[in-house]
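Heads up, the thing below is written out as C-alpha cells.
Protein chains in written order, with the numbering used here: chain A, 2 to 217; chain B, 18 to 235.
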C-alpha cells in the first residue's frame, strides 16, 4: 500500500536547497498542486530539473515567479521572460541541455548507467566543458547522468499499490523522473483499488512511488 | 501570397507518403496546411506523440493533448503516445524521416544556426540540436533575409545547432541545396531572377546552367 497524503504533508519533506525533478512539458503533465504547495511552503534555493520553465504563472514558472529557484537544468526557457530576467540579473543559474540529451541524462540516472554517449551537441556551445569520446571514428559527447533527491511528478491515476498510468502528452518526463530520484511524490486525478489498472497499462511500477497526492 | 505561405507551399512538396515528419514551431508548422490530397504522412511532436494534427474545428481542447509549444492539438486515428526518452529515441535513432525547422543563419558548409542570438535571445535549444543531429533529412524553412541582412552567409556568426550539413534550404526567393561542393541554387521563386537571389545572399552560390522556377503546392 502506498501512502496517500495531503499536498502539505507530501511536500513538507522537501528541504530548502533540494535538487528536485519536476515533470511536465510547458505545464502539460506538471504536478500543479505540488508546485503550488512548494510556493505556499516557501521552499527556497531549489535546483530544478525539468524540460522547461513554462510561462509565468504556469507550471514550473510559478516557482520562478516566487524566486524559489537557484538553478535550473532545462532544455528551454524562451517562453518565460521572467527566467531570462533572473538569469541576466545573476540570480538564477541556467544550465541549458538539448532536450533529447536531458531525457537520456535523467533516464541514465534512473537506470544506473554511467553516462550518455551522444552526437547531439558535438561542435556546439552545448559541448563546452564536456568530455568527448572517439568511437569508431565518430566523435560523441559524454553526458553525465542526472539524479535528484525528489521527483514531483504527475500521472492520470494511481492504484493503492502506487502503480501509475499516464495519458497522451502529459506523460513526457514523468516516468523517467520516477526512476531517478530518492523520493517520488506523484500527483494524480484519482486513486483506484489495486488491480483496476491492468499490469500492461502500468507505466511506473508502484514500488518507485513514495507518496500520492490526489488533485481531483 | 505572403512569403511564409510561399515557403510552406514549396516545402510541402518535399513530404512523401509513409514519412514520419517533425515540424518546428512557427513557419514550419504551416507546411501541414498544404499537403497534397491522399498523401499519408504522420507528424511527430517531440513532447510525445506520433499522429498529431491541428485541433479540428469545433473540437473541445483536451488539456493532456498538446504540441511542443503547449498548445492544444488533435490526434489522428492510429496515433501513438510515449515518454520523452522514446520521443527522442525516434529522433536520435534515425526513425524520423524529415524535420522542417526555422533558421537564423545557414552557411556555405550547409551548417545551421537557429537557437540563440548571444546577448539578445537565449531561449535554449529545446529539441533543435537533437532534430538536426538525428533526422534523416533536415529542411530549413526561413525568410531569405532578416531586416535586409542576408541569412545565407559565408560562415555562421551565431552559435551552431549541429555540425551536420542540412539537406535543403527553402526561402521566399529560392531553393538552395547544400552539397559537398557548396551551396547550389536549385530553384528561384516565381518572378524572382537569379541576380536577385545572388544580391540577397552573402554566401557564394553555385549556379547551374538551368535554374527552374520553384514549383509550389496548390
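Beta carbons are placed, not taken as given, at the ideal position from N, Cα and C, and that holds for glycine.
Q.
Looking at the secondary structure, which residues open and close the alpha helix (DSSP H) in which residue 66 of chain A lies?
A. As a working mapping, residue 66 of chain A is identified with position 65 in the first chain. Element bounds for residue 66 of chain A: 62-66.
(Q) Please state the DSSP three-state secondary structure of residue 194 of chain B. (A) Within the second chain, the letter at position 177 stands for residue 194 of chain B. Strand.
Q.
Going by the DSSP bridge assignment, what does residue 154 of chain B pair with across the sheet?
A. Within the second chain, the letter at position 137 stands for residue 154 of chain B. Answer is B:115, bridged to residue 154 of chain B.
Q: Quick one: grab the DSSP three-state call for residue 92 of chain B.
A: For this step, residue 92 of chain B is matched to residue 75 along the second chain. Correct three-state label for residue 92 of chain B: strand.
Q: Alpha carbon to alpha carbon, how far is residue 68 of chain B from residue 92 of chain B? Give it in angstroms, no decimals.
A: The residue given as residue 92 of chain B occupies position 75 in the second chain. The residue given as residue 68 of chain B occupies position 51 in the second chain. Annotation: residue 92 of chain B to residue 68 of chain B spans about 5 Å, alpha carbon to alpha carbon.
Q. So what does DSSP say about residue 198 of chain A, is it helix, strand or coil?
A. Within the first chain, numbered from 1, the residue matching residue 198 of chain A stands at position 197. It is coil, neither helix nor strand.
Q. In this structure, does DSSP put residue 211 of chain A in helix, strand or coil?
A. For the purposes of this step, residue 211 of chain A is taken as the residue at position 210 of the first chain. DSSP places residue 211 of chain A in the coil class of the three-state scheme, outside both helix and strand.
Q. Residue 170 of chain A to residue 206 of chain B, Cα distance in whole Å?
A. Walking along the first chain from the start, residue 170 of chain A turns up at place 169. Walking along the second chain from the start, residue 206 of chain B turns up at place 189. Looking at the two C-alpha atoms, the distance is approximately 38 Å.
Q: Tell me, please, whether the CB atom of residue 99 of chain B is closer than 8 Å to any CB atom in chain A?
A: Here the question's residue 99 of chain B lines up with position 82 in the second chain. Using beta-carbon distances, residue 99 of chain B counts as an interface residue toward chain A, with a partner under 8 Å.
Q) Should residue 92 of chain A be labelled buried (16 or more other beta-carbon atoms within 10 Å of its own) or exposed? A) Position 91 of the first chain, counting from 1, holds the residue named residue 92 of chain A. By the neighbour-count rule (16 or more Cβ atoms within 10 Å), residue 92 of chain A is not buried but exposed.
Q) Which of helix, strand or coil does DSSP assign to residue 40 of chain B? A) Within the second chain, numbered from 1, the residue matching residue 40 of chain B stands at position 23. Secondary structure at residue 40 of chain B: strand, using DSSP grouped into helix, strand and coil.
Q. Considering residue 103 of chain A, what are the terminal residues of the alpha helix (DSSP H) in which it resides?
A. One-based indexing of the first chain puts residue 103 of chain A at position 102. 100-112 is the extent of the alpha helix (DSSP H) around residue 103 of chain A.
**Q.** Delimiting residues of the beta strand (DSSP E) encompassing residue 81 of chain A
**A.** As a first step, residue 81 of chain A is located in the first chain; it is residue number 80 there, counting from the start. Premise fails: residue 81 of chain A is in no beta strand (DSSP E) and is neither H nor E.
Q.
Which residue marks the beginning of the alpha helix (DSSP H) containing residue 37 of chain A, and which one marks its end?
A. As a first step, residue 37 of chain A must be located in the first chain, where it is residue number 36. Per DSSP, residue 37 of chain A belongs to the alpha helix (DSSP H) from 33-41.
Q: Check residue 171 of chain B in the structure and name its three-state DSSP category.
A: Taking the first residue of the second chain as position 1, residue 171 of chain B is located at position 154. Coil, per DSSP.
Q | Residues that residue 133 of chain A contacts on chain B, provided the C-beta gap is smaller than 7 Å | A | The residue labelled residue 133 of chain A in the question sits at position 132 within the first chain. For residue 133 of chain A, none of the residues of chain B pass the 7 Å Cβ criterion, the least Cβ distance being about 12 Å.
**Q.** Coil, strand or helix - residue 85 of chain A by DSSP
**A.** In the first chain, residue 85 of chain A corresponds to position 84, counting from 1. In this structure, residue 85 of chain A counts as helix in the three-state DSSP scheme.
Q. Given that residue 141 of chain A touches chain B, what residues does it touch there, using C-beta distances under 7 Å?
A. Locating residue 141 of chain A in the first chain gives position 140, counting from the first residue. Within 7 Å Cβ-Cβ: nothing; residue 141 of chain A doesn't reach chain B, min ~11 Å.
**Q.** Cβ distance (whole Å) where residue 142 of chain A is taken to contact residue 181 of chain A below 8 Å
**A.** Numbered from 1 along the first chain, position 141 holds the residue referred to as residue 142 of chain A. Numbered from 1 along the first chain, position 180 holds the residue referred to as residue 181 of chain A. Between the beta-carbon of residue 142 of chain A and that of residue 181 of chain A there is about 20 Å, and that puts the pair past the 8 Å contact cut.
Q.
Looking at residue 8 of chain A: is its Cβ nearer than 8 Å to the Cβ of residue 214 of chain A?
A. The count along the first chain starts at 1 and reaches residue 8 of chain A at position 7. The count along the first chain starts at 1 and reaches residue 214 of chain A at position 213. Cβ atoms of residue 8 of chain A and residue 214 of chain A: closer than 8 Å.
Q.
Tell me the residue span of the alpha helix (DSSP H) that contains residue 230 of chain B.
A. The residue labelled residue 230 of chain B in the question sits at position 213 within the second chain. Here residue 230 of chain B belongs to no alpha helix (DSSP H), and DSSP marks it neither H nor E.
Q: Using a Cβ-Cβ cut-off of less than 7 Å, give me the residues of the segment 108-139 of chain B that come near chain A, in sequence order.
A: The residues in question are 108, 109 and 139.
Q) Of all the options B:194, B:155 and B:177, which has the alpha carbon lying nearest to the alpha carbon of residue 41 of chain B? A) For the purposes of this step, residue 41 of chain B is identified with residue 24 of the second chain, where counting begins at 1. Of all alpha-carbon atoms in B:194, B:155 and B:177, the one lying nearest the alpha-carbon of residue 41 of chain B is that of B:155.
Q) Closest to residue 85 of chain A by CA distance: which of A:53, A:113 and A:172 is it? A) Taking the first chain and counting its residues from 1, one reaches residue 85 of chain A at position 84. Comparing Cα positions, the closest option is A:53.
Q) With a Cβ-Cβ cutoff of 8 Å, do residue 223 of chain B and residue 201 of chain B count as a contact? A) Here residue 223 of chain B refers to the residue found at position 206 when the second chain is read from its first residue. Here residue 201 of chain B refers to the residue found at position 184 when the second chain is read from its first residue. For the pair residue 223 of chain B and residue 201 of chain B, the CB atoms are nearer than the 8 Å cut-off.
Q: Per DSSP, which residues does residue 124 of chain B bridge with? Please list them.
A: Looking up residue 124 of chain B in the second chain gives position 107. Partner(s): B:170.
Q) Is the CB of residue 2 of chain A under 8 Å away from at least one CB in chain B? A) Against the first chain, residue 2 of chain A aligns to sequence position 1. Residue 2 of chain A does not count as touching chain B.
Q) Excluding sequence positions up to five away, which residues of its chain have a Cβ less than 6 Å from the Cβ of residue 58 of chain B? A) Your numbering for residue 58 of chain B matches position 41 in the second chain. Excluding residues within five positions, the ones whose Cβ falls inside 6 Å are 32, 36 and 38.
Q. Would residue 87 of chain B pass as a contact of residue 27 of chain A if the rule is Cβ separation under 8 Å?
A. As a working mapping, residue 87 of chain B is identified with position 70 in the second chain. As a working mapping, residue 27 of chain A is identified with position 26 in the first chain. At a Cβ-Cβ threshold of 8 Å, residue 87 of chain B and residue 27 of chain A count as neighbours.
Q. From the DSSP output, which residues share a beta bridge with residue 160 of chain B?
A. Mapped onto the second chain, residue 160 of chain B falls at position 143. Its beta-bridge partners do not exist; DSSP assigns none.
Q.
With a threshold of 8 Å between beta-carbons, can residue 32 of chain A be considered close to chain B, or not?
A. Counting from one through the first chain, the residue named residue 32 of chain A turns up at place 31. No - not a single Cβ of chain B is within 8 Å of the one on residue 32 of chain A.
(Q) Against chain B, does residue 177 of chain A count as a neighbour if the rule is that its beta carbon must be under 8 Å from one of theirs? (A) As a first step, residue 177 of chain A must be located in the first chain, where it is residue number 176. Yes, residue 177 of chain A lies at the interface with chain B (some Cβ there is under 8 Å from its Cβ).
Q | Bridge-paired residues (DSSP) for residue 74 of chain A | A | The residue labelled residue 74 of chain A in the question sits at position 73 within the first chain. A:50 and A:96, per the DSSP bridge assignment.
**Q.** the segment 49-68 of chain A / the segment 200-208 of chain A touching (three or more Cβ pairs under 8 Å)
**A.** Contact fails: fewer than three Cβ-Cβ distances are below 8 Å.
Q. Looking at C-alpha atoms only, which residue of A:155, A:70 and A:176 is the closest neighbour of residue 45 of chain A?
A. To locate residue 45 of chain A, count along the first chain from 1; it is residue 44. Among A:155, A:70 and A:176, the Cα nearest to that of residue 45 of chain A is on A:70.
Q) Are residue 63 of chain B and residue 34 of chain B touching if we call contact CB-CB under 8 Å? A) The residue given as residue 63 of chain B occupies position 46 in the second chain. The residue given as residue 34 of chain B occupies position 17 in the second chain. In this structure, residue 34 of chain B does not lie closer than 8 Å to residue 63 of chain B by Cβ.
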